[in-house]
Amino acid sequence: MDFEELRNTLKQEQKSKLAKLEPDFYESVRTYLDGLRDEQKTASGKEAQFLTDELATASDRLQRIFNLRIGKIVNLASLSIMGEIGGIKQDINMMTQVERDIYDSVLGAVRHGWVAVEQAIAGESVVMGASVAPSTPVAHVTPVTPVTPVTSAAQVPPVESAPSVPEAVTGSSEDEMVVGGVEGFGMVSSSAPDGYTIVRVLKNIPTFVGTDSCHYTLAKNDVVTLPDLHATVLCKRRAVLPVKMPGSPGAINVGC
């Protein structure tokens, strides 16, 4: 592990997908940071200042990597309960052992929450404080409005009730829309970057922090570029629809 490798890891983690980490990633970073501290003890002048700056930057990058990954891990645990995304095993294989332990803990807590909700709806007494093992299956778990799943900084917030699809959008298929013209939509590039999807917003959505650490505030009829994870979840909630844009340069309508 070195300064450049840590920078590349952060760059990969800023994408919407969970990046693959070596099983000993955190141990390797600790060894690298300990080495810098040891060098500081005998360094002087400009060399000491350089080591201090490198240590501070490396520690900051490690914290940012961890924050991004925890947000995605919490999302995966919550979404897996509702069956909103596939490929969970592949994402789990991207985690280190300590991250898998976090995932299992969150998964068990969310699963227990859904069981408690079902018991309350059925008029049964709810036993609070009891844990549910992550491997315990839950039959017929159905999300009930207005109950919302566990949220995190990187998870999409709840949205308003779904209106009918605006007339300004013409359907090319059940799940994909084509915007009939560039006028009014110049703030979205004609092609989404890797890991992102262009969508049209069907209802107002409060500000949330995406998996790319950007802040998104979406209003009805906006056409924006979202990370694939958020686009998938919001499409399933009928809050947005993917669109095909006519070729036209422009900036992505998001704020970081």
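Going left to right, the sequence shown walks through residues 0 to 255 as numbering that gives the first Met the number 0 numbers them.
We put the beta carbon where it would ideally sit given N, CA and C, even for glycine.
Here the structure is a predicted model, which means the values were calculated and not measured.
N-terminal and C-terminal residue of the beta strand (DSSP E) that residue i is part of
i, result
"Arg237", "First-last for Arg237: undefined, no H or E at that position."
"Leu217", "214–217"
"Pro192", "Here Pro192 belongs to no beta strand (DSSP E), and DSSP marks it neither H nor E."
Residue span of the alpha helix (DSSP H) that contains residue i, given as start and end
i, result
"Thr324", "The structure shown does not extend to residue 324, since the chain spans only 0 to 255, so no value can be given for it."
"Leu75", "44–81"
"Leu106", "96–120"
Coil, strand or helix - residue i by DSSP
i, result
"Lys16", "coil"
"Lys243", "strand"
"Leu201", "coil"
"Thr8", "helix"
"Thr210", "coil"
Own chain residues within Cβ distance below 6 Å of residue i, not counting five before or after
i, result
"Tyr31", "Met0"
"Ala230", "Thr196, Val198"
"Leu61", "Val28"
"Asp331", "This structure cannot settle anything about residue 331, because the visible part of the chain is limited to 0 through 255."
"Lys14", "Gly194"
Rounded distance between the beta-carbons of residue j and residue i, thought under 8 Å
i, j, result
"Leu35", "Glu53", "6 Å"
"Ala18", "Glu26", "Actually they are not in contact, since the Cβ atoms of Ala18 and Glu26 sit about 17 Å apart, beyond 8 Å."
"His214", "Thr206", "6 Å"
"Pro106", "Ser79", "In the sequence on display, residue 106 carries Leu and not Pro. Right, their Cβ atoms sit about 7 Å apart."
Contacting residues, own chain, Cβ-Cβ under 7 Å from residue i (five flanking each side not counted)
i, result
"Lys219", "Val200, Leu201, Lys202, Asn203"
Within 8 Å, do at least three Cβ pairs link the region 73–82 to the region 91–106? yes
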